[in-house]
Amino acid sequence: MIGHDIPERPWQKVATDIFELDGEHYLVLIDYYSNFIELSKLSTITSQAVIKICKQQFSRHGIPDEVCSDNGTQYSSTEFRTFSEEYGFNHVTSSPTYPQSNGKAEKGVQIAKSLLKKAKADKRDPHLALLDYRNTPLDGLPSPAQLLMGRRTKTRLPTTQKLLQPRTIEGVQDRMKVNQDREKHYYDRGSRVLPALSPGDTVRLREGKQWRLAKVVEPTPEPRSYLVEADGQQYRRNRRELIKTEEDTPACTEGKEENTEKKERRYTFRKPKPKERLNL
């Protein structure tokens, strides 16, 4: 597991994603530093709609240094590229077909879905559910609101004025590092580190249940991601979707999964015995 760099300040690095729930589409923005979530309903799932909401949030919290997303058309469009250039933030995308590499956004989606589903089941205002999440301490750290704003925000629960006053929170990065190391320890116990690939290496490129023969062109700036070429086309893929091989020519790979072969099933047919009948 490759951990991301721990941000030095709130809203320095954010992740974003789109999800659908009960026929409605939502945009999630989650801060890497505080886990503070901004949740907005989308009228349409176009780049223009996503950019409009991002601008609203950036005017509230400031422009982040880095925005992480998947390769959905809303984020890979010319409009979003122009937006990132005009606002001056670095846009980093996860490897296509491997959304796990955008883990922070996936976490934000899971939290948002859970809040909305529970609010609906309890017939509760979802805005109050989101407010409570923002004021709940997480993983031994202060709440997302405290980490982002330096203070708690008022909820319907009785709170003294002293607790609502802003204050400096020390030692946040150290505690984040402890949490990150713990997550890495448990993740690495069930996985193995794959060796790096070099330009010119022959690999198998995963596409669904098939593995196509391809050549590594070069590593990309994104972590554990490579540009590979197959049949004259170039693709960006995560290292886990590439298997190094010594093959020189393509081989039949249909039905091949995770480097295992599908074996032919054999059936044996036996002549049925005549039924015994009782002579009553």
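The C-terminal residue of the sequence shown carries number 279 in numbering that gives the first Met the number 0, and the numbering is unbroken. Beta carbons are placed, not taken as given, at the ideal position from N, Cα and C, and that holds for glycine.
- The three-state secondary structure of residue 39, taken from DSSP, is strand.
- Between residue 73 and residue 93, the C-beta spacing is not below 7 Å.
- Under the three-state reduction of DSSP, residue 75 is assigned to helix.
- Residue burial annotation: residue 120 is exposed, with fewer than 16 other C-beta atoms found within 10 angstroms of its C-beta.
- Our two residues, residue 112 and residue 208, have alpha carbons roughly 29 Å apart in a direct line.
- Going by beta carbons, residue 239 and residue 219 fall outside the 7 Å limit.
- In this model, residue 81 and residue 15 are separated by some 17 Å (Cα to Cα).
- Bounds of any alpha helix (DSSP H) do not take in residue 229; it lies within the beta strand (DSSP E) bounded by 224-229.
- The DSSP assignment places complete alpha helix (DSSP H) segments of no fewer than 4 residues inside the segment 97-142 at 102-120 and 125-133, in order along the chain.
- Nearest to residue 11 by alpha-carbon distance, out of 87, 70, 118 and 215, is 87.
- Assignment of residue 50 by DSSP, reduced to helix, strand and coil, places it in the helix class.
- The way I'd put it, the segment 134-146 does touch the segment 30-38; three or more beta-carbon pairs between them come closer than 8 Å.
- By the neighbour-count criterion, in which a residue is buried when 16 or more other Cβ atoms sit within 10 angstroms of its Cβ, residue 104 is buried.
- Annotation: the continuous beta strand (DSSP E) that includes residue 19 extends over 12-20.
- In chain order, 142 place their CB closer than 7 Å to the CB of residue 136, counting only its own chain and leaving out the 5 sequence neighbours on each side.
- For the pair residue 13 and residue 63, the CB atoms are nearer than the 7 Å cut-off.
- DSSP places residue 146 in the helix class (H, G or I) of the three-state scheme.
- For residue 68, the closest of 195, 38, 202 and 29 by C-alpha to C-alpha distance is 29.
- Judged by DSSP secondary structure, residue 234 falls within the beta strand (DSSP E) whose first and last residues are 232-237.
- Inclusion of residue 217 and residue 204 in the CB contact set at 7 Å is not warranted, their separation being larger than that value.
- No Cβ-Cβ contact shorter than 7 Å links residue 50 with residue 26.
- Close CB contacts of residue 125 within its chain, under the 8 Å cut and outside five residues either way in sequence, are with 114, 115, 118 and 119 (chain order).
- Here residue 163 is exposed, its C-beta having fewer than 16 other C-beta atoms within 10 Å.
- Annotated three-state conformation of residue 214 is strand, per DSSP.
- Listed in chain order, the non-local C-beta contacts of residue 41 below 6 Å within the same chain comprise 24, 26 and 48, local neighbours out to five positions each way being set aside.
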